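Notes follow the structure.
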Amino acid sequence: MKQTIVFATGNAHKLQEINEIAQGSDIEFILPPDGFNPIEDGKTFEENSLIKAREAAHVSGNVSLADDSGLCVEALGGAPGIHSARYAQTAQARIDKLLGVLKDETNRKAKFVCAMTLVDKDGNILFQTRGECQGEISYTQSGTNGFGYDPVFLTKDTEYKKTMAEMSEEEKNKISHRGRALRKVLEYLNNN
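Residue numbering for the sequence shown follows this note's numbering, beginning at -18 and increasing consecutively.
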């Protein structure tokens, strides 16, 4: 029988991605119930992840997992970082702004970061981890898969020479920051 864990998000695409990565485990992730509306005012990915996990546990009365993730660009001092989703109004505007800011920049090193926090039904931390995916920002966007900054993120993984948005879900989940963090969470759950 599958164990159900609330995944603290309102993003159905992110939930689908999490369940694809968890395929083959005894865990199914579900969306939190109505009333899930965390105020993400932490200063780090880990703090925001904990805020979301505790809010999901509070509204659901269930064990909850949250991630907080974003893009950190070296030449921008780690920005947009925890503000990745609020860097501009729309996904395309965020990409356009990033490419515009970096247009004359030769240092294009970047990484996707994902902090995950698992809490019990009372909001106590059971496990916290982080996954990272190193890469660089391309000069133009390419690909239609994925979401967010995927069309301009070229992974440093030697096996792939394409943007995250040009990868299949299976390829992306193998190397993504979220995939790396979630596999650590699943390992924790399997051993406890």
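Built from N, CA and C at the ideal position, the CB exists for glycine as well.
These numbers come from a predicted model, not from an experiment.
**Request:** Measure the C-alpha to C-alpha separation of residue 150 and residue 39 and round it to an integer number of angstroms.
**Result:** Counting from 1 along the sequence shown, the entry for residue 150 is found at position 169. Counting from 1 along the sequence shown, the entry for residue 39 is found at position 58. Straight-line Cα distance between these residues: approximately 32 Å.
**Candidates 126, 13, 62, of which the one nearest residue -4 by Cα** = Against the sequence shown, residue -4 aligns to sequence position 15. Residue 13 is the option with its Cα nearest to residue -4.
**Message:** According to DSSP, is residue 145 part of a helix, a strand, or is it coil?
**Reply:** Sequence index remark: in the sequence shown, residue 145 carries index 164 (1-based). In this structure, residue 145 counts as helix in the three-state DSSP scheme.
**Request:** Determine the closest residue to residue 159 out of 64, 89, -6, 61, with distance taken between C-alpha atoms.
**Result:** Within the sequence shown, the letter at position 178 stands for residue 159. Closest by alpha carbon: -6.
**Message:** Quick check: the Cα distance between residue 76 and residue 84, rounded to an integer number of angstroms?
**Reply:** The residue labelled residue 76 in the question sits at position 95 within the sequence shown. The residue labelled residue 84 in the question sits at position 103 within the sequence shown. About 12 Å.
**Prompt:** Are three or more beta carbon pairs between the region 84 to 97 and the region 105 to 122 nearer than 8 Å?
**Reply:** yes
**Asked** Looking at C-alpha atoms only, which residue of 49, 10, 18 is the closest neighbour of residue 162?
**Response** The count along the sequence shown starts at 1 and reaches residue 162 at position 181. Looking at the Cα atoms, 49 is the closest of the given residues.
**Message:** At the level of alpha carbons, what is the spacing between residue 146 and residue 79?
**Reply:** For the purposes of this step, residue 146 is identified with residue 165 of the sequence shown, where counting begins at 1. For the purposes of this step, residue 79 is identified with residue 98 of the sequence shown, where counting begins at 1. Answer to the nearest angstrom: the Cα atoms are 16 Å apart.
**Item:** Distance, residue 120 Cα to residue 164 Cα
**Value:** As a first step, residue 164 is located in the sequence shown; it is residue number 183 there, counting from the start. As a first step, residue 120 is located in the sequence shown; it is residue number 139 there, counting from the start. Cα to Cα, residue 164 sits roughly 31 Å from residue 120.
**Message:** Would residue 17 and residue 34 qualify as a contact pair, given that the criterion is a beta-carbon distance under 8 Å?
**Reply:** Along the sequence shown, one-based indexing puts residue 17 at 36. Along the sequence shown, one-based indexing puts residue 34 at 53. No, the pair does not count as a contact, with Cβ atoms beyond the cut-off.
**Prompt:** By Cβ distance below 7 Å, which residues in the same chain neighbour residue 136 in space, the five residues on each side in sequence not counted?
**Reply:** Working through the sequence shown from its first residue, we reach residue 136 at position 155. Result list for residue 136: 114, 116, 145, 156, in chain order.
**Message:** One question on the structure: do residue 43 and residue 102 come within less than 8 Å of each other, judged by their Cβ atoms?
**Reply:** Counting from one through the sequence shown, the residue named residue 43 turns up at place 62. Counting from one through the sequence shown, the residue named residue 102 turns up at place 121. Yes; because the gap between Cβ atoms is below 8 Å, this pair is in contact.
**Request:** Using a threshold of 8 Å, state whether the C-beta atoms of residue 57 and residue 82 are closer than that.
**Result:** Position 76 of the sequence shown holds residue 57. Position 101 of the sequence shown holds residue 82. Yes, these two residues count as a Cβ contact at 8 Å.
**Request:** Any chance you could list the alpha helix (DSSP H) runs of at least 4 consecutive residues sitting entirely within the region 10 to 80, in chain order?
**Result:** 26 to 41
**Message:** Spatial neighbours of residue 65 within its chain, please: C-beta separation below 6 Å, excluding the five flanking residues on both sides.
**Reply:** Here residue 65 is taken as the residue at index 84 of the sequence shown, counted from 1. Within the same chain, residue 65 has close Cβ partners 51, 52.
**Message:** Can you list, in chain order, the residues of its chain with a C-beta nearer than 6 Å to that of residue 131? Leave out the 5 residues immediately preceding and following it.
**Reply:** Taking the first residue of the sequence shown as 1, we reach residue 131 at position 150. If we look at residue 131 and ignore the five residues flanking it on each side, its Cβ neighbours are 145, 146.
**Request:** Check residue 89 in the structure and name its three-state DSSP category.
**Result:** Translated into the one-based positions of the sequence shown, residue 89 becomes position 108. Reduced to three states, the DSSP call for residue 89 is coil.
**CB contact flag (residue 24, residue 7, <8 Å)** = To locate residue 24, count along the sequence shown from 1; it is residue 43. To locate residue 7, count along the sequence shown from 1; it is residue 26. Going by C-beta atoms, residue 24 is not nearer than 8 Å to residue 7.
**Prompt:** Going straight from the alpha carbon of residue 125 to that of residue 47, what length do you get?
**Reply:** Your numbering for residue 125 matches position 144 in the sequence shown. Your numbering for residue 47 matches position 66 in the sequence shown. Looking at the two C-alpha atoms, the distance is approximately 26 Å.
**Request:** In the DSSP assignment, find the unbroken alpha helix (DSSP H) run with residue -4 in it and report its ends.
**Result:** Within the sequence shown, numbered from 1, the residue matching residue -4 stands at position 15. That run of the alpha helix (DSSP H) goes -7 to 2.
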